[in-house]
Every structure is written in structure tokens, then in C-alpha cells.
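Peer 1: One structure coming up, written as C-alpha cells, with questions to follow.
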Amino acid sequence: MVLFTRIKEHSNTFKKYYSENERVMMLGAFFLGFVWDSLTLTRIDLTYDTMVLFTYILLAGSSIVILNLHDAKYLNSRFISRNIHWVTLVMQFGFGGLFSGYIVFYSRSATLITSWPFLLFLILLIVGNELYKQHYSRLTFQMSIFFISVYSFFIFYIPIVVHRLGPWIFLTSGIISILVIIALVRGMHSLIPEHINASRRYIVMSTTSIFLLFNFFYFTNILPPLPLSIKDIGIYHLVERTSNGGFAVTFEEGKWYQPFKDSDNTFHRSNGEPVYAYASVFAPTDLRTKILHRWSYFDESTNRWVISSEVPYEITGGADGGSRGFTYKEHVFDGTWRVDVITERGQVLGRDIFKIDSFGEPRPLVTEMR
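Heads up: the sequence shown runs through residues 1133 to 1502, numbered per the working numbering.
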């Protein structure tokens, strides 16, 4: 009896603290999820990383079910009523963990110049997760955030499972996400039909809008090309494959204030030598796909980038450091150039902008292993 009395006293103390410091508790739940993801999520295709995100989805989905069963008086026991604040906190933690995890992975795969709208979208979801927590009492809002979470997960999880990329794989991830929402709504409808019917129309409208928005992001190449991500990119005077399977890259030695220089931002060209572009792209285990190096120069007369050439090559996933490869270009001229590492659909994985200068004084060359 003494033990149960103490537990009850501590529970009442926590409930009082929670009601007086709800904003701090919500922020703490979100911050804990973000820190945990940043420290533990390493590779998008590892079972642990996938299970962490999947667990967050289960926590958020289960919390939505419990909250709505309670609101509809289907679950109205004293125990549930006294501890319903815990359920809200768990849902907040689940969504916070998911969105912070997506920021970790999607930002690794994104080039800010092309993918900033989607990354901003994720950041706004994180901010809204705190600012609009009062809307979590509304089923339509709950299901909208949950659909975004599920869709963002399957976008990269399905390619990992089937070892393929492409529009049909992306559309499949959207269909599976919709089926998850349908299953959840129908499951709740079988228990609390009136409660669900009141929001069904708005759930359909919201889910459809989100589905169309994600497809817009994908087919305009705003969506980062997960599960691919750039690990390394640089411009060099020479790139050679070594006998042990690595690469030797040669570039100009940095000046005294450039201790970490590892490629050429200014390429001092002599005797018509070619320019080499080296890149390392991470892909999940057993995923085979084609990427391209798109060489472009800046035309000052039109103030536009002009594509000069695109050179494709195959990559196979699995290596921690990424699948490495290089291309080179011989017919170049002085000016500003860039090399984009892109997918077959044109999604930008990485970009290196550099200048070619045939008249400047070159620095001594150094060679490093990659």
C-alpha cells in the first residue's frame, strides 16, 4: 500500500508539473528526439536506423488511435483519463523524432540550391510540431502529419527494399502510404464510426493535397534523391585508379591559410591538360543505378549556365565511403565552370563550382589517396 501511495503521489506531482510547464515538456520531448537521431542515425539502409524510424511511426500512430478512442468515449476508464497527457507527449516525441530523423537523412542527400524548398518544408514541420500542438486534438491535423511522416519514410525505404530507383518506385511509395492511412482510418471507423465520419471528408482532402505536393516536389526535382547521397566531390588535375581499388587524386597545394584544401577551386590549366571531376556517392547495399557528371560553363553574355556535356557511369551501393568514380573533360576554356552530380532524372546530388585559369601561376601539385 505504501508503494502504491508513493507512486500515486509522484504521478500527481508530475501531472501538476506537466500542466504548469506543458510548453517546456513538449520542447523537451522534441529536443530529446532530435538529439537522439543526430547521434544514432548513421546509414539509411542499416536495420537499426530503419527500425528507429519505424518505431517512431508506431508510437505516433498508436497515440493517434488512443487519443481518438478516448475523445469518442470508447476508452473512458479512469486510468486512461488520468494518463492521457502521456499519450500526447508520446505522439509529440514520435513526430519530433521522425522529422528530425528526416532532416538528418534528407539534408545529407540534398543540394541546398535545388532542394531548399523541401528542406524548409521539413523545418517548418518541426517548428509547427511545437507551435501548433493544440491542433493535435483534431483528427484531420493528426492524420495529415502522420501521412507526411509515413510518406517521407516509404520514399526512401521502398528503393532500399527493391534495389531500384525511378518514378514508378516513387509512385509505389505514395500508394503504400495511402493504404496505411486507409487501414488506420478504417480500423478506427469500426470502433468509433461517428467520430471518424465527422472528419473523413477533410482527411481525404488533406491526404490528396499532400500526395500531390510530394509528387510536385519529386517531378520538379526539388525532393532530395534519397536513398542516394553525395559523400565527396572535387576537381583535380589527375585522377587515377590504384591497384588496391582506391583512387589517387592530384591537385594544387594549398597556401598557408588553406590547411584543409583537398581539391581545386581554381584550376590553373597548362598545355591543354584535361580537367578531372571525382565524386563519391553513397547508395544502399545492392542498389545499382546510373549517375551522371553534368559539365556546364557560365555564359557571361547571357548570364546563364550552359550545359557542355553529360557523362554517365554505373554505381553499386554498399560501401560506407560511397561508390567512387570520375570523369574528365578536355575541350574546356577559361571561365567559371561547374560539375553537377545528378541522377538519370536530373536530381542534383552534389555540385562543385570552379574557375579555369590558363594564365595564373600554378601551385605545386600534391597527390592524395581517396
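Beta carbons are placed, not taken as given, at the ideal position from N, Cα and C, and that holds for glycine. These numbers come from a predicted model, not from an experiment.
Are I1328 and M1337 close, meaning C-beta to C-beta below 7 Å?
Peer 2: No.
Peer 1: From which residue to which residue does the beta strand (DSSP E) around H1425 run?
Peer 2: Looking at the DSSP string, the run of the beta strand (DSSP E) that includes H1425 is R1420 to D1431.
Peer 1: By how many angstroms is the C-alpha of H1369 removed from the C-alpha of G1228?
Peer 2: So the two alpha carbons sit approximately 45 Å from each other.
Peer 1: In terms of alpha-carbon separation, which member of G1450, L1497, S1361 and Y1429 lies closest to V1480?
Peer 2: Selected option, being the one with the closest Cα: S1361.
Peer 1: Return the CA-CA distance between S1490 and E1462, expressed in angstroms with no decimal places.
Peer 2: Answer to the nearest angstrom: the Cα atoms are 14 Å apart.
Peer 1: Got a sec, what are the start and stop residues for the beta strand (DSSP E) I1485 sits in?
Peer 2: Run containing I1485: V1480 to D1489, per the beta strand (DSSP E) assignment.
Peer 1: Please return the same chain residues whose Cβ sits closer than 6 Å to the Cβ of L1173, not counting the five positions on each side in sequence.
Peer 2: Excluding sequence neighbours, L1173 sits near D1181, G1233 and V1236.
Peer 1: Closer than 7 Å by C-beta to G1450: which residues in its own chain qualify, once you throw out the five before and the five after it? Chain order, please.
Peer 2: Excluding sequence neighbours, G1450 sits near T1417 and D1418.
Peer 1: Quick one: any contact between the segment 1378-1398 and the segment 1340-1356, if contact means 3 or more CB pairs under 8 Å?
Peer 2: At 8 Å Cβ cutoff, the stretches do not touch.
Peer 1: Just the C-alpha distance for S1194 and M1275, rounded to the nearest angstrom, thanks.
Peer 2: Approximately 12 Å between the Cα atoms of the pair.
Peer 1: Which of the three DSSP states, helix, strand or coil, is assigned to H1400?
Peer 2: Reduced to three states, the DSSP call for H1400 is strand.
Peer 1: Give me the Cα-Cα distance between R1175 and Y1206, rounded to the nearest whole angstrom.
Peer 2: In a straight line, the C-alpha of R1175 is about 41 Å away from that of Y1206.
Peer 1: Helix, strand or coil for Y1268, going by three-state DSSP, please let me know.
Peer 2: Summary for Y1268: the model assigns pLDDT 48, below 50, so the residue's position carries little reliability; its value from the coordinates is reported in the next sentence. The answer is helix: DSSP assigns Y1268 an H, G or I state.
Peer 1: With DSSP as the reference, please indicate the residues paired to T1448 in a beta bridge.
Peer 2: In DSSP, T1448 forms a bridge with R1420.
Peer 1: For a test of the three-state rule: what should DSSP assign to V1294, helix, strand or coil?
Peer 2: It is helical.
Peer 1: If we count Cβ pairs, one from each stretch, closer than 8 Å, do we get three or more for the segment 1464-1475 versus the segment 1492-1500?
Peer 2: Short answer: they don't touch.
Peer 1: Which first and last residues belong to the beta strand (DSSP E) in which W1388 is found?
Peer 2: Neither: W1388 is in no beta strand (DSSP E) and is coded neither H nor E.
Peer 1: Considering only residues of the same chain and omitting the five flanking positions on each side of D1364, which have a CB-CB separation below 6 Å?
Peer 2: S1412, listed in sequence order.
Peer 1: Between which two residues does the alpha helix (DSSP H) carrying A1315 extend?
Peer 2: Segment P1299 to H1321, the alpha helix (DSSP H) holding A1315.
Peer 1: Considering only residues of the same chain and omitting the five flanking positions on each side of F1250, which have a CB-CB separation below 6 Å?
Peer 2: Result list for F1250: F1349, I1354 and L1355, in chain order.
Peer 1: For the beta strand (DSSP E) that A1409 lies in, which residues bound it at each end?
Peer 2: It spans V1407 to F1414 - the beta strand (DSSP E) in which A1409 sits, taken as one unbroken run.
Peer 1: From which residue to which residue does the beta strand (DSSP E) around G1467 run?
Peer 2: Note, G1467: beta strand (DSSP E), G1467 to T1475.
Peer 1: Which first and last residues belong to the beta strand (DSSP E) in which I1367 is found?
Peer 2: Where I1367 is concerned, the enclosing beta strand (DSSP E) stretches over S1361 to Y1368.
Peer 1: Under 7 Å, do Y1334 and T1272 count as touching if we go by C-beta distance?
Peer 2: Going by C-beta atoms, Y1334 is nearer than 7 Å to T1272.
Peer 1: Suppose contacts are defined by Cβ-Cβ distances below 7 Å. Is I1518 in contact with R1470 by that definition?
Peer 2: Outside the shown range of the chain (1133 to 1502) lies residue 1518, about which nothing can therefore be said.
Peer 1: Am I right that T1468 and F1430 are in contact with their C-beta atoms under 8 Å? What's the rounded C-beta distance?
Peer 2: Contact holds; Cβ gap of about 4 Å.
Peer 1: Can you check whether the CB of A1409 is closer than 7 Å to the CB of R1439?
Peer 2: Note on identity: in this sequence residue 1439 is Ile, with Arg being the wrong assignment. Against a cut-off of 7 Å, the Cβ pair of A1409 and I1439 comes out as no contact.
Peer 1: Using the Cβ count rule (16 or more neighbours within 10 Å means buried), how would you classify M1501?
Peer 2: Exposed, by the Cβ-count rule.
Peer 1: First and last residue of the beta strand (DSSP E) that includes V1498?
Peer 2: L1497 to M1501 is the span of the beta strand (DSSP E), which, as asked, contains V1498.
Peer 1: For I1354, name the three-state secondary structure that DSSP assigns.
Peer 2: It is coil, neither helix nor strand.
Peer 1: Are L1191 and G1226 closer than 7 Å when you measure CB to CB?
Peer 2: Yes, the Cβ-Cβ distance between L1191 and G1226 is below 7 Å.
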